[in-house]
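Each residue of the sequence shown is one higher than the one before, counting from 2 in the working numbering.
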Amino acid sequence: MRLTTKGRFAVTAMVDLATRGGKSPVTLSSISERQKISLSYLEQLFGKLRRNNIVESVRGPGGGYYLARPGSKISVAEIVVAVDEPLDATKCGGLGDCHGEQQACITHDLWMGLNEKILDYLESITLQQLVDTHLKQHPEASVIALKKAPKP
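Spelled out as structure tokens, the structure:
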């Protein structure tokens with residue numbers, strides 16, 4: 002099992018957003034510059050995050066994205082799953098047909114157990130915890146404010 006760039010970039014961008022957001026929406030172009038992630042890739046990811054009610058957007062001048070709810074209520078697992086990142090260590094997608102018609106491989110249960118542990122771990126970490134850790138390591142970063150941005 003490996004987490005691809007989709008999941009990594011989504012989490013990274015969300016930490017950036019949560020660290021800098023609050024009083025006004027954060028633009029994807031600013032996240033793109035700071036995190037060195039393609040703007041078009043961020044647009045795809047944030048479309049999925051918005052559809053999954055993790056972020057909200059404001060259009061027009063001064064627009065951008067902000068958290069749909071406090072970072073303490075958003076798990077890393079929720080972010081990763083929202084961008085369609087597969088969290089599966091099996092070769093069969095968890096279906097148990099590793100060797101064809103309904104026949105699981107002899108290590109199927111091992112990989113299914115790993116899937117559960119990974120998901121449990123990612124569910125136990127909140128966006129706010131990541132922000133707090135980042136701010137401790139980088140005190141020069143902006144302090145998070147979890148107020149919703151005003152809607153135009």
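C-beta: ideal position from N, C-alpha, C; glycine also.
CA-to-CA distance, residue j to residue i, given in whole angstroms
{"i": "methionine 39", "j": "asparagine 116", "result": "Just to set this straight, residue 39 is serine in the shown sequence, not methionine. Each residue's alpha carbon lies about 29 Å from the other."}
{"i": "valine 16", "j": "glutamine 130", "result": "10 Å"}
{"i": "tyrosine 67", "j": "threonine 20", "result": "10 Å"}
{"i": "serine 156", "j": "aspartate 89", "result": "The structure shown does not extend to residue 156, since the chain spans only 2 to 153, so no value can be given for it."}
{"i": "phenylalanine 10", "j": "cysteine 99", "result": "30 Å"}
{"i": "valine 81", "j": "glutamine 45", "result": "13 Å"}
{"i": "valine 27", "j": "lysine 49", "result": "17 Å"}
{"i": "leucine 111", "j": "aspartate 85", "result": "23 Å"}
{"i": "serine 30", "j": "proline 87", "result": "27 Å"}
{"i": "lysine 137", "j": "glycine 72", "result": "16 Å"}
{"i": "lysine 118", "j": "proline 140", "result": "32 Å"}
Buried versus exposed call for residue i [16 or more other C-beta atoms within 10 Å across all chains shown]
{"i": "threonine 162", "result": "Residue 162 is absent from the model: the chain starts at 2 and stops at 153."}
{"i": "isoleucine 107", "result": "exposed"}
{"i": "glycine 65", "result": "buried"}
{"i": "glycine 114", "result": "exposed"}
{"i": "glycine 61", "result": "exposed"}
{"i": "threonine 6", "result": "exposed"}
{"i": "alanine 127", "result": "It is threonine, not alanine, that sits at residue 127 in the sequence shown. It is buried - the Cβ of threonine 127 has at least 16 other Cβ atoms within 10 Å."}
{"i": "glycine 63", "result": "exposed"}
Identity of the residues DSSP links to residue i by a beta bridge
{"i": "glutamate 44", "result": "Beta-bridge pairing links glutamate 44 to no other residue."}
{"i": "valine 59", "result": "Gly65"}
{"i": "serine 76", "result": "Thr127"}
{"i": "valine 27", "result": "Tyr66"}
**Validate contact between the stretch 76–95 and the stretch 17–37 using beta carbons, cut 8 Å, 3 pairs** = no
**Asked** Which full runs of the alpha helix (DSSP H) of 4+ residues lie inside the stretch 84–120, going along the chain?
**Response** none
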